[in-house]
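First comes the structure, then the notes that go with it.
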Amino acid sequence: MWVKPQEVFIKTALWDSDETTLYFVLQRRKGHGKSAGLSSLLVSTFDSVRDTKPAPYRILHQTPNSEIYYVISSALTEQDIRQDWQWLLDNVCPTLHSFDTEEEITEFVCCKINSIIATEQENFTEDEDTITYKNFVYEFHQRFGMPKDEKLVCYYSCSYWKSKMPRQGWIYLSVHYMCFYSNIFGHKTSIKIRWADVTELAKTNSLLFPDSIKVVTRDAEHYFTLFLKKNETYALMQQLANIAMKQLIDDKPGSFNIDKDLLTKLSKNVPKKPSFLKRDLDARKQSNLYTLRFRLPQTEKLDGSEECSLWTPYNKRHNWGRLYLSQNFICFDSRVRNLVRLTIPLRTVHQVERADSGGTGSSDSGSILITTAHHTSFLFGNISDREFLVHKISELLAKLPNDVYREKPHKKTEEPSWVPQPPLMSLFLTQQTSPIKQIQQKKEKQWEDHMTDVGRGISMYQTTAGSELVINGIPESLRGELWSVFSGSILQKTQNKGLYERLVNEALSSKNQANDEIERDLHRSLPEHPAFQDNVGISALRRVLCAYALKNPTIGYCQAMNIVASVLLIYCPEEQAFWLLATICETLLPDYYNTRVVGALVDQGVLEELTEAHLPELHAKLDELGMMNMISLSWFLTLFISVMPYECAVNVMDCFFYDGAKVIFQVTLKILDINRDKLLKCTEDGQAMQVLNDYLKGIYNDEAMALSTEPRTAEKSVKIQDIIYQSYRSYGQSVTPECIEHLRLKHRLRVVRQLEDSLERNTLRALQMDRLLEPQELQELLSIIREELLWAKRVPCERLEAPYEAYRLDYTQFKNLFTALSSWGKGECAEAITARMFKLMDNDSDGFVSARGLSLALGVSARAEAARRLRVLYCAHAPPLLAREELELHDARAAGAAGAAGAAAGAELAADAISFFDSVENPSGSEPLPQELQRSISDVGDAGYMDKSSDSSNTLSATSVDPIAESIRACAWSGIGPGPGSGASTPGAGAGAGTSPPAAPPLPRAHFLQLLAAIHSLTLHKDQLYEAAVQAGTLLLKMGEWNHRRASLDREISQDSLFLAAAEKQPAMRQMDPNGNTTSDQETEPSPSKETEPSTDEEWSISLEQFLATMLSQEPLEAFFNEKVSILPDLEALKQRDRLQSMS
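Everything in the sequence shown is counted per my numbering, starting at 449 for the first residue and increasing by one.
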C-alpha cells in the first residue's frame, strides 16, 4: 500500500535490495523470505522484541546524487509490493526523464504518491485498524495457522517463562485463542491456547514468577510476565475467557459479531485503540456494567458518559456523579455510592433545553433541563461541554423508533379463553390482626410520603432513605409495583406489549417436554398457600411457566422456577409476574435455571470463597463436612423460599430486587455467622443441616400475616428484618456487585471445566462398554472430536439421552475423522464407504452422528472379528440405507453408455462385472475396476445423497425413523454394547447378546455390486487378497443368478397352481366367452402385468448368510478382516497435523 513519503538516511542497514532502478529500490526485510545468515538472525530477533512491527517489504525513492531516500510504499506480502513496483515502472518511470533537476523529480514523485493516497481516502471516513495492527494480524495468521475469520483483538509485548528462563516476545489475544511467539537468535517459541480450554486465570507475584499472569489449562501451567500494560492485558484475558465460557454454557456457536455502529457514532474524548475489535469489546464491557447497574434490558448499548451534577429537589442539593447515555435511557449515578440514582426513559422525554445553573453550590458551567411527558423536570449542571451533550441527546431522540415503548393500535381479536389474574393476595384474603394492619398502614404512609418527594415509577430518585425503607420491608400492597421498578422488569413489559398474551396462547396449544414437567410440578408449588389449592392460582402459574418456557427455550423450565413464580403471583398481576420471572432468570441470576444449573454452581464457588475470606474457621469446618454444596443449591435457587417461611423470604426478595444478587450472599454469610458456634461443634453433615434448618424455621415476620393453611409449629427465634439489617451492617460494604461479578468470572472457568470433564468421563465410561477400542484410544478420540467441534465453532450440547449424544458430528466432520483414522476410509471407494457408514450410524436420520457412532465405526473397522466387519459392510449397503437415487444415477450412466433401458442396464452391468472378475483370474489380463463401480461420494453428494429429502426414506420426518432402516442397524450392531437397556436411539439398542438379532434383508443385484466394489477397494493392493476377493465375488454372483432362476421357477409353479385351483372352483364361468365360444383358462385369466410382476433386480438377491459363508470360506479374506489394528498412531498424527489443511 502507498504511504506518505518519509525520509530515511540508511538504505541497507536492516534491509536487502531485491530490485533497483535509477530512481526506485525494492527492498525486503532481513530475516524474511530467502535472506539468511547471522545478520538475518539478528534482525529477526530485534523485530521479535521491539514494540513496533515494520512491514517486511518496502519501496524507496532515490535520486543518484542524493543521500536521502523516501519510503513511498510498504506491504505485508511480496505479491502486494510487486503490484506497486510494476505500477511505478509502467506509469511513473517513463515520465521522470523529462524533468531537468533531481529536486523536480523528487517533488513530482512525492506529489504523485500523496495524490494517490488522497484519492483512495476520499470516501473513507475512519480507518478501523491501524497499519501496525494490520501487520500483527498478518503475522498472527501466518505464524499460528489461523483461519481467515479468526479475529485478532489485541497484542502485547511480554515474556514467557520456559524452563525457568524468560523468552521475550509477543502475546496475541484473539476471539478464540491466546497465542505467544518468540524468536530469540533462531530459537522459536510458539504457544497456542484455546480460551475454551482455560481453567484458571490469575495474577501471581511469587519469587519464581514475579509479577506475572498465570494461565492454567488441562495439560499445563503457563506464566507470562514483563507486561507494559499488565492490568489491561489481564482484564482483556478475563473478558475473552468469559465469552468462551458463556458460549459453552449456552451451547451456542462461537461466532462474534462486530458492532459497526461504533464507526459512525458521534464521540468525543474516546482513546484510540490498536484495533476496532478491541474498542468493540471495551464498549461491550462498559455496556454490560451499565445495564447491570441500572437494571436495563441486556440489549441496551452504552453510548457515552459525562461527569456532571444532579439537582435533587427533595433535599435541594447538587449531587456530583456521572451521566450515562444509551439508545433508550438517560441515567445518573452519584459519586458517593447509593446516594442517589436515576433512570429516565427517552420515550418519556418531552423537552431538553439549556439552563443556567446559578444555584447554590454550583459552578458557572452550563446546565441542561430535561422535562418529561409527566411534567417532571430534572436539572443537570456542571457539564463541561453542554452543546455536545445536548446535540448527543437530540441525536438519540431522533433515532428512537416511533413504536418503541408506545401503545400501538391494534384490531380487536377474539376473546382469549383465559383471563389474566390480579395479585392472588387480593383474591385470597385472610384475616389480619389489628397490630399487623397498623404496621402495614404505617409502612404504606412512609412509602407514600417518600414517593411524594422522590417520584414514582421508573424515574423515581433511588436514595439512601429509600434503601432504608426497603431493608425494613416493602408494604404488601406496594410490593408488586416496586419489585417491577427496582428489578427493571417494568421496562421489558413496556417494551414488549402483547407478547405475554401471544406466548400463552401458543404455549397452551402445544405439547412438549417442558409443559409436561411443568404439569407435574404445579401442585407442588407452595401448596400451603390457599391460592395454589385452587384452580385459579394453578392455572395462572401454568400460564406463566409455559409462556416463559416458550419465550426462552434455552432455559425452558427448571425445578425451583415454580416456587419463585408462585410467590411472584401472590404479590404481582400475572403478566407482571411473568416479566419478573424473566428478569430473574436472565439478568439477576444468569444461568441459574438451565439444565446444568451452571449459575448456581458458580455462585456456590463464590460463596465458598467469601466464607473463606470472612469466616475462615467456619469455612474449614463446613468444607470438612461437605456442607457448602447443600447450602448454595437449596437456598439460592429458590431465593430462601423453600428454607424459611415465605412471608419472611419475601423481605429478602425486597432487597434482592433492589440491590441484586449481593443480597443473597450477605444474608447467607450472616446466617452462617450467627450459627457459627453451633456449627463448629457438629461432627457430621446431617447434624449441621439440622442446626441450620431449625434456625431458618424459627425466623418470623410479625409485620405480615402468613397466608398459609398450615399452623406454624416452629418456635419464633429471630425477626427477618433484624437478619437483613445485620447482614448489611456486617457485609454490605465488602460484598459489592463488582466483587460478585469478579468472583463469578473466576469460578465460571472452573465450573465449566468441571462440567466438561464430568461429561467426558461419563462419555468414556459409556463408550468403553462397547469393548472395541482401548481406553487410551477412546480418550484421544474424544479429545479430537471436541477439538473438531470447537474448531467448527460448535460446542458440545447438553442432551438427556446419553452422555455421548452431547458430541454430535455432521457429515463433513465425520468424514474428516473417519478417513484419517480408519483403513476403510482410504482407497478408491473411501468416500463412498464413509458416506454409507455415516448413514448407518445416523440413527435418527437428522444428519448428525454421535461420538459413539464414530467410535463404533472406527472400532469395527479396526478391532472387530471378520464376521462382524463383513456384517456391518453388508448392512451399510442394504436398502434403504443405500439410497435408491444413488443406484438410479449409477444405472442411468450405464444405460446412457449402452443405449438400453433400466432393467437391461442392470443385466449388462452384472454381465460386465462377471466377465471382469473372470478376467481377473488371469493376472496378465487384470484391469482396474470399471469407473462406474467406483462412484465417489462427490457424485453422490451432487445427487443429493447426503440430503435427507432425497433419500429412499424421504417420506419420513427427522423424528420418524424408517422401521426397515432401524431393523438393519439393529442387525449390524447386535451383540455390541449394553444392549436393550441403552435406549432405542443408540446403535445396537434392542439387540443385545441375549436376544436374536433382526434378520437383514437380502441384497438386490445393484446394491450387491456396490458392496463388491467396496470390498475390492479394500483388498486391491494385495495380490493374494485380490484373488480371494475375485473368487468369492464370482461365486456370489453365480449364486445370485441361481437364486434368480429358482425364484422364477417357484413363481411359475405358484401361478399354475392358482390357475388350476380357480378352474376347479368356477368351471361354468370359465367355459364360455360373451359370444358363446369356449375358452381356455389361459385365455380367460389375465396374465400378470409388468406392474404386478417383480422386476429382475428384485428377483436377483444375495442373503447375509450366503455372503458371510462365502467370504469367510476364503482364508486370506478371513485373516485380513480379522486383523486388529491400533488407531493410536493415526490419532497422534491427526493431532499433529496442520489444522488448516486437515480439518474443515
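Even glycine gets a Cβ: it sits at the ideal position worked out from N, Cα and C.
Can you give the Cα-Cα distance for C1103 and E916, rounded to whole angstroms?
Distance between the alpha carbons of C1103 and E916 is about 10 Å.
For I1550, count the other beta carbons within 10 Å of its own beta carbon; 16 or more makes it buried, fewer makes it exposed. Which is it?
It counts as buried.
Can you tell me whether R1300 is buried or exposed, with buried defined as 16 or more other CB within 10 angstroms of its CB?
So R1300 ends up on the buried side.
Terminal residues of the continuous alpha helix (DSSP H) containing C779?
No alpha helix (DSSP H) holds C779; the beta strand (DSSP E) holding it covers F777 to S782.
Sorted by chain position, which residues of the same chain lie with C-beta nearer than 7 Å to D781's C-beta, five sequence neighbours on each side aside?
Once the five neighbours on either side are set aside, the close Cβ partners of D781 are R741, G769, R770 and R789.
Quick check on I816: does DSSP put it in helix, strand or coil?
In this structure, I816 counts as strand in the three-state DSSP scheme.
If L1117 and H1062 are in contact, beta carbons under 8 Å, what's the gap, nearest whole angstrom?
With a Cβ gap of about 6 Å, L1117 and H1062 count as contacting.
Near L1318, what residues of its chain come up, given a Cβ to Cβ distance below 8 Å and the 5 sequence neighbours on each side ignored?
Excluding positions up to five away in sequence, the list reads F1555, L1556, M1559, L1560 and F1569.
Hey, does A668 have any beta-carbon neighbour from chain C nearer than 8 Å?
Any reference to chain C falls outside this structure, which holds one protein chain only.
For C541, count neighbouring C-beta atoms within 10 Å of its own C-beta (all shown protein chains included) and say buried if the count is 16 or more, exposed if not.
Result: exposed.
Do S987 and S1014 come within 8 Å of each other at the CB atom, strictly closer than that value?
No; because the gap between Cβ atoms is not below 8 Å, this pair is not in contact.
Does the pairing of the stretch 554-571 with the stretch 595-607 give three or more beta-carbon distances under 8 Å?
No: fewer than three Cβ pairs fall under 8 Å.
What's the gap between the Cα of P1328 and the Cα of L1552?
Spanning the two alpha carbons is a distance of roughly 16 Å.
Assuming I1172 and A1109 are in contact, meaning their beta carbons sit under 8 Å apart, how far apart are those beta carbons, in whole angstroms?
In fact, because the Cβ distance is near 15 Å, the residues do not count as touching under 8 Å.
Return the CA-CA distance between L1128 and V1139, expressed in angstroms with no decimal places.
If you take the alpha carbons of L1128 and V1139, they lie about 11 Å apart.
Find the nearest neighbour of N960 within the set A997, R506 and E1132, judged by alpha-carbon distance.
Closest by alpha carbon: A997.
Confirm, please, whether the CB-CB distance from V952 to R991 is below 8 Å.
Yes; because the gap between Cβ atoms is below 8 Å, this pair is in contact.
Out of S774, W1083, V784 and Q1224, state which residue places its alpha-carbon closest to the alpha-carbon of S1574.
Comparing Cα-Cα distances from S1574 to each of S774, W1083, V784 and Q1224, the minimum goes to Q1224.
The beta strand (DSSP E) spanning S465 covers which residue range?
Unbroken beta strand (DSSP E) run through S465: W463 to T468.
Starting from V473, follow its DSSP beta bridges and name the residues at the other end.
DSSP, once it has assigned bridges, lists T468 and L508 as partnering V473.
Are T511 and E550 close, meaning C-beta to C-beta below 8 Å?
Yes. Within cutoff.
Could you pull the DSSP bridge partners for W866 from this structure?
DSSP output for W866 lists no bridge partner at all.
Which of helix, strand or coil does DSSP assign to P793?
Of the three classes helix, strand and coil, the one that applies to P793 here is strand, per DSSP.
If you follow the alpha helix (DSSP H) that N1291 is in, where does it begin and where does it stop?
Note, N1291: premise wrong, no alpha helix (DSSP H); not H, not E.
Helix or strand or just coil, what does DSSP make of P1223?
In the structure shown, P1223 sits in a helix (DSSP, three-state: H, G or I).
Can the beta-carbon of I1416 be found less than 8 Å from the beta-carbon of A1448?
Contact flag set, yes.
How would you call W1490, buried or exposed, if buried means at least 16 neighbouring beta carbons within 10 angstroms?
Under this definition W1490 is an exposed residue.
Between V1320 and K1287, what straight-line distance do the alpha-carbon atoms span, to the nearest angstrom?
If you take the alpha carbons of V1320 and K1287, they lie about 12 Å apart.
Sorted by chain position, which residues of the same chain lie with C-beta nearer than 6 Å to T681's C-beta, five sequence neighbours on each side aside?
Result list for T681: Y604 and F675, in chain order.
Give the straight-line distance between the Cα atoms of C602 and P793, rounded to the nearest whole angstrom.
Their backbone Cα atoms lie some 35 Å apart in a straight line.
Identify the continuous alpha helix (DSSP H) that holds Y1106 and give its terminal residues.
Here the alpha helix (DSSP H) through Y1106 covers Y1094 to D1107.
Just reading off the beta strand (DSSP E) that P614 is part of, what are its end residues?
P614 -> beta strand (DSSP E) spans M613 to S622.
Taking DSSP as the reference, what is the three-state secondary structure of D982?
In this structure, D982 counts as coil in the three-state DSSP scheme.
Let me know if D1205 comes out buried or exposed under the rule of 16 or more other beta-carbons within 10 Å of its beta-carbon.
Answer is exposed; the Cβ neighbour count stays below 16.
In three-state DSSP terms, what is C1130?
Three-state result, C1130: coil.
Determine the closest residue to Q1458 out of E1475, Q1472, L1485 and K1470, with distance taken between C-alpha atoms.
Per the Cα distances, L1485.
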